[in-house]
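Here the structure comes first, spelled out in structure tokens, and everything after it is commentary.
Residue numbers (my numbering): 31 to 704.
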């Protein structure tokens, strides 16, 4: 037997030596964002690959020779690269390839149909001239003439792109194809459901207009979550508009960084107010309150005691869940110092400690533990939390950052089943000094409302990772700041002067509003702000007129009663901004108050870059939220406002926003035409 083995091995080695590979990356020409899941095919062969979450691709084991490479992705023009020379035992780099976005044009299928059934098994679908669909099972007509795939599972429908099977790129459920007037089957662009089955979102009632004479004070907790924006981005990239409940405007606003000056003096926060004309309601004004937290040099940051709590249940097996986290967590690990500590707890059918609390100097040990994780089993979320908190308490660092980082798709179905008990546990651990940050991943069973609630109770942030680029942004730039809190229980309170403002409406922050008496109550939990973070709050204002300045019965203008303050201040000041925050857990809050008097009220086009960008994002959110207060706000308005306020955009996040606004505009137009 062995006398045949050596020649076989030599033959395999010889064959391997005649092959090479190509590598490269794909980006959107306009936004510079990675293009994910694009097919890269060697023409005339069966060799090909897909681009990953960073837009990178590798096609291996290509025989020596000269080839033409085809790149094809939905919503992009096909790219053809000729005369690519493959050399044995070498890598041919194609560098960074730019793809031009385009509208998808779908041709008619030549199949005929009767009123009961249509068979598309011998038909093909072409997108921009590329054969996309070469084998499809039969389709069944519904009563309304629409055609739906036979079988209840979309995965039964298979698509082939240049010889490579593509995972349900055009599955859109019912109305995937329709009959035209000639009884010809016509393929429609896909319209996936508004909310993928199993995903849950919670959106409280929008803030209504308030009369300054009757209710002059607005109070809120100024959180800096950004999960809603990345969820919206995922849905728009998937080809459908987000549900209104998934749109939280304040999280869209605070996904972006703003050019605000660093604090000076004793306080870790600086506030900046600005007023301009409201772009979607020209008779109204827009007030922006910008807050900037001080940067904390790395040498001065307190040590961290972290517990990674990772969901490894069966629902986490897809590439956009556990595998994504395994690529992202190392970014955070690399930034840890010798005094920092990390433990890893996993939960599925049972819960376990896979890495005891380990010093940040042993990075390889931490990374190896992460790499060994595999998904499988049911989900014991509650039990996992209990173990994670136990480990965090055991290695508690006094004066440091003690935090559990939970990463999951939100499918809690085993463990602490009672929601009240779970939240009480998180609140109790928060009072003991252990915070909870929550990271959501995946699609299909994302429990966004639950994850947001857990993070809020745990004094942490809520993130959603829709791709590897976002994952690395969060772990490199966001968590690095939020791990080190500079202001705890931050509350804002604005008191408006009826001499200038007749009414106001808070834009977003719908589940973060507080009662007026909560502002001075140090027992009331509020937002945590990390080192270096910026955040903005927007109000829409109605200017005062002679009629609105009349004080009706029951009016309560507090600070701005003419009998209690200098008349000149009463006429000059527009509002007073008050902040309360704590420097450490258990400490009494500190109060900062500052009146605001604008020098002028410019049109939105002459406002600062910060104001123009915030107004663009707000217009985008109001439109997608289908807000009754949206006025003329639209994605088109968002693009116009944003194009002149890109500023420095090192990670192309603002440029990507303009692309998303264009996609939202297109999807809204399609929805109106249907």
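Backbone N, C-alpha and C fix where the C-beta goes; we use that ideal spot for every residue, glycine too. Just so you know, these numbers come straight off a predicted model, no measurement behind them.
Report the three-state DSSP secondary structure of residue i (helix, strand or coil).
{"i": "residue 352", "result": "helix"}
{"i": "residue 102", "result": "strand"}
{"i": "residue 393", "result": "helix"}
{"i": "residue 687", "result": "helix"}
{"i": "residue 406", "result": "coil"}
{"i": "residue 114", "result": "strand"}
{"i": "residue 560", "result": "strand"}
{"i": "residue 369", "result": "coil"}
{"i": "residue 538", "result": "coil"}
{"i": "residue 414", "result": "helix"}
{"i": "residue 61", "result": "coil"}
{"i": "residue 235", "result": "coil"}
{"i": "residue 359", "result": "helix"}
{"i": "residue 387", "result": "strand"}
{"i": "residue 378", "result": "coil"}
{"i": "residue 96", "result": "strand"}
{"i": "residue 66", "result": "coil"}
{"i": "residue 739", "result": "Past the boundaries of the shown model lies residue 739; the chain is included only from 31 to 704, so the question cannot be answered."}
{"i": "residue 424", "result": "helix"}
{"i": "residue 73", "result": "coil"}
{"i": "residue 339", "result": "strand"}
{"i": "residue 304", "result": "strand"}
{"i": "residue 323", "result": "strand"}
{"i": "residue 532", "result": "strand"}
In chain order, what residues of the same chain have a beta carbon less than 6 Å from the beta carbon of residue i, not counting five sequence neighbours either side?
{"i": "residue 107", "result": "130 and 132"}
{"i": "residue 460", "result": "488 and 489"}
{"i": "residue 564", "result": "287, 288, 290 and 322"}
{"i": "residue 661", "result": "310 and 311"}
{"i": "residue 427", "result": "333 and 335"}
{"i": "residue 360", "result": "397"}
{"i": "residue 355", "result": "437"}
{"i": "residue 721", "result": "Look at the range of the chain in this structure, 31 to 704, and you will see that residue 721 is not part of it."}
Look at the alpha carbon of residue i and the alpha carbon of residue j, and state the distance between them as a whole number of angstroms.
{"i": "residue 406", "j": "residue 240", "result": "51 Å"}
{"i": "residue 466", "j": "residue 458", "result": "11 Å"}
{"i": "residue 60", "j": "residue 650", "result": "19 Å"}
{"i": "residue 378", "j": "residue 341", "result": "6 Å"}
{"i": "residue 609", "j": "residue 552", "result": "13 Å"}
{"i": "residue 234", "j": "residue 476", "result": "19 Å"}
{"i": "residue 691", "j": "residue 698", "result": "10 Å"}
{"i": "residue 548", "j": "residue 523", "result": "10 Å"}
{"i": "residue 275", "j": "residue 624", "result": "35 Å"}
{"i": "residue 390", "j": "residue 348", "result": "29 Å"}
{"i": "residue 471", "j": "residue 602", "result": "49 Å"}
{"i": "residue 395", "j": "residue 319", "result": "45 Å"}
{"i": "residue 393", "j": "residue 530", "result": "58 Å"}
{"i": "residue 117", "j": "residue 672", "result": "46 Å"}
{"i": "residue 693", "j": "residue 272", "result": "12 Å"}
{"i": "residue 557", "j": "residue 519", "result": "5 Å"}
{"i": "residue 500", "j": "residue 258", "result": "13 Å"}
Kindly indicate the opening and closing residues of the beta strand (DSSP E) around residue i.
{"i": "residue 520", "result": "515-526"}
{"i": "residue 260", "result": "First-last for residue 260: 257-268, but that is the alpha helix (DSSP H), not the beta strand (DSSP E)."}
{"i": "residue 432", "result": "431-438"}
{"i": "residue 345", "result": "First-last for residue 345: undefined, no H or E at that position."}
{"i": "residue 309", "result": "Run containing residue 309: none; DSSP gives neither H nor E here."}
{"i": "residue 288", "result": "Here residue 288 belongs to no beta strand (DSSP E), and DSSP marks it neither H nor E."}
{"i": "residue 53", "result": "49-58"}
{"i": "residue 80", "result": "78-80"}
{"i": "residue 610", "result": "605-612"}
{"i": "residue 127", "result": "121-129"}
{"i": "residue 333", "result": "Counting along the chain, residue 333 falls outside any beta strand (DSSP E), and DSSP gives it neither H nor E."}
{"i": "residue 250", "result": "247-251"}
{"i": "residue 242", "result": "Where residue 242 is concerned, there is no enclosing beta strand (DSSP E), given that its DSSP letter is neither H nor E."}
{"i": "residue 93", "result": "86-93"}
{"i": "residue 574", "result": "Careful: residue 574 lies outside any beta strand (DSSP E) and carries neither H nor E."}
Check whether the Cβ of residue i lies closer than 7 Å to any Cβ atom in chain B.
{"i": "residue 130", "result": "Annotation note: the requested chain B is absent from the structure, which comprises a single protein chain."}
What residue does the alpha helix (DSSP H) around residue i start on, and which one ends it?
{"i": "residue 279", "result": "279-283"}
Take residue i and list the residues in its own chain whose beta-carbon comes closer than 7 Å to its own, dropping the five residues that flank it on each side.
{"i": "residue 110", "result": "98 and 100"}
{"i": "residue 683", "result": "286"}
For residue i, collect the residues of the same chain with a Cβ closer than 8 Å to its Cβ; drop the 5 residues on either side in sequence, then sort them by chain order.
{"i": "residue 636", "result": "306"}
{"i": "residue 638", "result": "304"}
Legend entry - Whole alpha helix (DSSP H) elements within the stretch 441-509, 4-residue minimum: 449-461, 478-487 and 498-503
Legend entry - Minimum length 4: unbroken alpha helix (DSSP H) runs contained in the stretch 614-678: 639-654 and 665-673
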